[in-house]
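Reviewing the structure listed below.
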Amino acid sequence: MRKWMIVAAVAAVFGLSACNNGDSEVIVKTKDGNITKEEFYNEMKARVGKEVIRDLVHEKVLSKKYKVTDKEIDKEIENLKEMYGTQYDLVVQQNGEKAIRDMVKLDLLRQKAAMEDIKVTDKELKDYYKNYKPKIRASHILVKDEKTAEEIKTKLDKGEDFAKLAKQYSQDPGSAPNGGDLGWFGPGKMVKEFEDAAYKLKVGQVSDPVKTDYGYHIIKVTDKEEKKPFNEMKEEIEFEVKQSKLDPAKVQSKVEKLIKDAKVEIEDKDLQDVLK
């Protein structure tokens, strides 16, 4: 994420200024002197130039052979939101959503290039499908002791409103103000005890108190995605299985080969070793 924060913040500006190398047009004026586009370009090049020009070359070359859809980017963005939470929102506020989407697209292009050489069997795909669990949406009320949890469950059994009780009792500061809503999540996103209990519930059903290291949870499932037929999911599953087999060395090796085949020539002498 740190790399994204640096590159996303300067990539667009660097790209614009790069085509004006040698331009003495003033972009900042002060009483103590001005800053020109040439000065700006040289400073940006010295600080982050090699990283940015490498990414631009990769995007240019890989985009000719591989395609990334908006849907694929959206899915990766959702994964990042789940992984980084409020930190992701901060990066978007600082750099804009487009910059993040561009970085996600580039990462997917690199992955697709490496996936081209990865083989998977029908058995692997069917085993993945068999164990696949669709996302669910749930709310919870978290308290520290079992007695309080049982008292809340009794109130719910008598028909009291789940969201109101969550706001009143839940000690989860992230979800309590929203009536306990945790949003959508899939396997591996919650602790095992919580996940196991949640996936056993039907939509609208409320669990008995569930103990985890965080305390006692009362869980309510509010929505569930349907598990699509295997044939409809096969392409998505193949991508997921191949992605699970990727490692940084495979990605780097494949991308380096494609860049070499593209016969890239960097004219700026200060950046000529960036792809080595």
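The opening residue of the sequence shown carries number 1 in UniProt numbering; numbering runs sequentially from there. Note that CB positions come from ideal geometry on N, CA and C, so glycine has one too. Note that the structure is predicted; figures quoted are calculated from it, not measured.
Inter-residue CB distance, Val191 and Gln171 (contact presumed, cutoff 8 Å):
16 Å between Cβ atoms; not a contact.
Sub-8 Å separation of residue 282 and Ala138 beta-carbons
For the chain, the structure presents residues 1 to 276; residue 282 sits outside this window and is missing.
By DSSP, does Ile259 sit in helix, in strand, or in coil?
helix
Between which two residues does the alpha helix (DSSP H) holding Leu125 run?
Unbroken alpha helix (DSSP H) run through Leu125: 122-131.
Could you tell me whether any Cβ in chain D is nearer than 8 Å to the Cβ of Pro134?
Of the protein chains in this structure there is only one, and it is not chain D.
Only counting the same chain, and skipping five residues up and downstream in sequence, which positions put a Cβ closer than 8 Å to that of Leu271?
Lys45, Gly49, Lys50, Ile53
With the cut-off set at 8 Å, would you say Tyr169 and Leu109 are in Cβ contact?
no
From the DSSP output, which residues share a beta bridge with Ser175?
Per DSSP, none; premise fails for Ser175.
Quick one, are the C-beta atoms of Lys250 and Val120 less than 8 Å apart?
no
Looking at the unbroken alpha helix (DSSP H) that takes in Arg110, where does it start and where does it end?
For Arg110, the uninterrupted alpha helix (DSSP H) segment begins and ends at 97-115.
Short check: CB of Val206 to CB of Ile218, under 8 Å?
yes
Under 8 Å, with one C-beta from each stretch per pair, do the segment 125-134 and the segment 224-235 reach the 3-pair mark?
Yes, since at least three Cβ pairs between the segment 125-134 and the segment 224-235 fall closer than 8 Å, the two stretches touch.
With DSSP as the reference, identify every bridge partner of Phe185, one or two as the case may be.
Phe185 pairs with Ile136.
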